[in-house]
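Have a look at the structure below, then the notes.
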Amino acid sequence: MITAIICAAGKGTRAGFSENKVLHELGGLPVLSWSLSAFSAAGADEIIVACSEADEARVKALLAPFPAARTMRGGSTRGESVYNALRCAQGDIVLVHDAARPFVSHKTIRACVESVKQYGSGVCAIPASDTVALAADGNIFSVPARETAFLVQTPQGFYRDKLLAAYEKARAEGLSFTDESGVYAQYVAPPRIVAGERENRKLTYAEDFLPAERVGFGVDTHAFGEGDHVILGGVRIPHGRGLLAHSDGDVVCHALMDALLSAAGLDDIGHHFPDTDERFRGADSMELLRKVVVMLSKAGYAAKNASISVIAEQPRLSPFIAQMKENLAGTLGVRKSAVGIAAGTNERLGYVGEGKGITVYATVLLMPVKA
Ligand code: MG
2 MITAIICAAG KGTRAGFSEN KVLHELGGLP VLSWSLSAFS AAGADEIIVA CSEADEARVK
62 ALLAPFPAAR TMRGGSTRGE SVYNALRCAQ GDIVLVHDAA RPFVSHKTIR ACVESVKQYG
122 SGVCAIPASD TVALAADGNI FSVPARETAF LVQTPQGFYR DKLLAAYEKA RAEGLSFTDE
182 SGVYAQYVAP PRIVAGEREN RKLTYAEDFL PAERVGFGVD THAFGEGDHV ILGGVRIPHG
242 RGLLAHSDGD VVCHALMDAL LSAAGLDDIG HHFPDTDERF RGADSMELLR KVVVMLSKAG
302 YAAKNASISV IAEQPRLSPF IAQMKENLAG TLGVRKSAVG IAAGTNERLG YVGEGKGITV
362 YATVLLMPVK A
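Residue numbers for the sequence shown follow my numbering, so the first one is 2 and each next one is one higher.
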C-alpha cells in the first residue's frame, strides 16, 4: 500500500499573495490540485495533505474528487508535519511531496515507488547545471565537483517504518533537517537518487506563477479603390489603386493587431479603434500597432513571434517584404527573424484572384512578462 504525504502547511509568503501559494490558481486550478490529481492517477492508496488550521476548510473542499485523500493539521515545521503524517499513515511505502511542485509526473511518481521496492528509497534529484558552492558568512568554503552536485526535489519515497524511525531519532537528538533525504541519510542509509525532471520545479515566487504562452490568430480584408499606393506593414508601395479604409488601410497591421489582441483575450481592433471614430480617420496603423503592444504589456504579455500570410494578386510584394519585417519587428520589440511574412496570390480565384482586394492572415505567440 502506498501513502502520499503532501506538505501544504507552509505559508508560502515569498510568493507575496494574500493566500497560501498552494491555494493560488495555476492554469485554472489551485496549485495543490495538480499534485492531488497526479498522485491519485499514479495509484496512491492514501493521500494525506498536511495543512494549516487557517487553510483547512479550503483544502478539504479541494479533496472532494479524491476519495483517498484527507487533511491533517500540519506542525510548526515541515519535519513535524511529515512526522505526524507518518505516524498515522497506513501505507508501507510513503512518498513525501511538496504541494508547491504541481508539475510532478506520473512517470516520476512510479519511478520513486520502483526505487523504494528495489533500493529501499527513491529521492528525485536532477544534476546541478550550475556550480554549487557551500558557503558561510559570505565566504565559499567548498566547491563540490559538478558531477557530484544534485538538486533535490520531491517526491521522496521510503518504507514508512524506516523513515519514521529516522524521524524519531532526529527528534530525540533535537536535530532538524531540510527534507526527508537528509533525515534518512543521517540515520538509515544514503538515499537512492531517482532521475527527476526539470519541469518538476518548485513554485516559490510570484513570477513562478506566470501564465503560459498564448497563441493568437487574426484575419483582415480590404477592398481596392481609388489611389496610387497601398501601405502594408508600414511600407508605402506604389500601385495603381489604393485600399479602401477609414485608417491608412494597412491590412497587414490590422490582421496582426487582431491576432495579438485575440491571443491576450482582449477585445478586437474594431472595439479599440472603431471606424466610426474621427480620431482614427487616415490613422497610421503602425501607430495603432504600437498602442496594441502597450495594451498587451499591461495585460502581462509580449509577442514572441509572428507569422503572416498576405494573399494578393497585385502589387508584387517581394521587394518590400524585408522592410515590412523590419517595421513590424521593431514595433513588436522582437528580432527581425521572429517575424515571418509570406506573400502569395489566390491563383485568380475568388475576390482576391479577381484583384478586388487583399486578405491577410496572422498568427502570433505571446509570452508572459511582468505586467
Ligand atoms: Mg482593417
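Ideal Cβ positions, reconstructed from N, Cα and C, are used throughout, including at glycine.
What you are looking at is a predicted structure, and each value in this text was computed from that prediction instead of being measured.
Beta-carbon gap between residue i and residue j smaller than 9 Å
{"i": "V253", "j": "L366", "result": "no"}
{"i": "F218", "j": "S248", "result": "no"}
{"i": "M287", "j": "D251", "result": "yes"}
{"i": "V335", "j": "A304", "result": "yes"}
{"i": "S122", "j": "Q157", "result": "yes"}
{"i": "L244", "j": "L290", "result": "no"}
{"i": "E47", "j": "A65", "result": "no"}
{"i": "F40", "j": "I94", "result": "no"}
{"i": "V340", "j": "L333", "result": "yes"}
{"i": "A101", "j": "L204", "result": "yes"}
{"i": "I359", "j": "V231", "result": "yes"}
{"i": "H223", "j": "H255", "result": "yes"}
{"i": "L257", "j": "F321", "result": "no"}
{"i": "A5", "j": "D209", "result": "no"}
{"i": "E314", "j": "T346", "result": "yes"}
{"i": "A90", "j": "R161", "result": "yes"}
{"i": "A260", "j": "A112", "result": "no"}
{"i": "V361", "j": "V236", "result": "no"}
{"i": "A42", "j": "H98", "result": "no"}
{"i": "V189", "j": "F151", "result": "no"}
{"i": "G76", "j": "A9", "result": "no"}
{"i": "A213", "j": "G28", "result": "yes"}
{"i": "G80", "j": "A186", "result": "no"}
{"i": "F104", "j": "E198", "result": "yes"}
{"i": "T109", "j": "C125", "result": "yes"}
Opening and closing residue of the alpha helix (DSSP H) in which residue i lies
{"i": "M296", "result": "S286 to K299"}
{"i": "V114", "result": "H107 to Y120"}
{"i": "S82", "result": "R79 to C89"}
{"i": "L204", "result": "Run containing L204: none; DSSP gives neither H nor E here."}
{"i": "T332", "result": "I322 to L333"}
{"i": "V370", "result": "From DSSP, V370 is part of no alpha helix (DSSP H); its letter is neither H nor E."}
{"i": "R59", "result": "E57 to L63"}
{"i": "S182", "result": "E181 to Y188"}
{"i": "G271", "result": "I270 to H273"}
{"i": "G351", "result": "G351 to G354"}
Status (buried if at least 16 other CB within 10 Å, exposed otherwise) for residue i
{"i": "D180", "result": "buried"}
{"i": "P192", "result": "buried"}
{"i": "Y302", "result": "buried"}
{"i": "I141", "result": "exposed"}
{"i": "V353", "result": "buried"}
{"i": "L33", "result": "buried"}
{"i": "K382", "result": "Nothing can be reported for residue 382: it is not among the residues displayed for the chain, which extend from 2 to 372."}
{"i": "R147", "result": "exposed"}
{"i": "K12", "result": "exposed"}
{"i": "S130", "result": "exposed"}
{"i": "K292", "result": "exposed"}
{"i": "A1", "result": "For residue 1 there is no data in the structure shown, the boundaries of the chain being 2 and 372."}
{"i": "G183", "result": "buried"}
Which residues DSSP lists as bridging residue i, in chain order
{"i": "Q157", "result": "V97 and V124"}
{"i": "L30", "result": "L27"}
{"i": "T360", "result": "T222 and I312"}
{"i": "F151", "result": "P128"}
{"i": "I232", "result": "R237"}
{"i": "L135", "result": "S143"}
{"i": "L244", "result": "F225"}
{"i": "A307", "result": "V340 and V365"}
{"i": "G17", "result": "Partner(s): none; G17 has no beta bridge."}
Unbroken beta strand (DSSP E) run spanning residue i, endpoints
{"i": "A344", "result": "V340 to G345"}
{"i": "E47", "result": "E47 to C52"}
{"i": "T72", "result": "A70 to R74"}
{"i": "L257", "result": "Counting along the chain, L257 falls outside any beta strand (DSSP E), though it belongs to the alpha helix (DSSP H) covering V252 to A264."}
{"i": "V195", "result": "I194 to A196"}
{"i": "A5", "result": "I3 to C8"}
Closer than 5 Å from C-beta to any heavy atom of the ligand MG: which residues, in chain order? Those residues whose C-beta sits under 5 Å from the nearest heavy atom of the ligand MG are, from N- to C-terminal order along the chain, D221 and H255.
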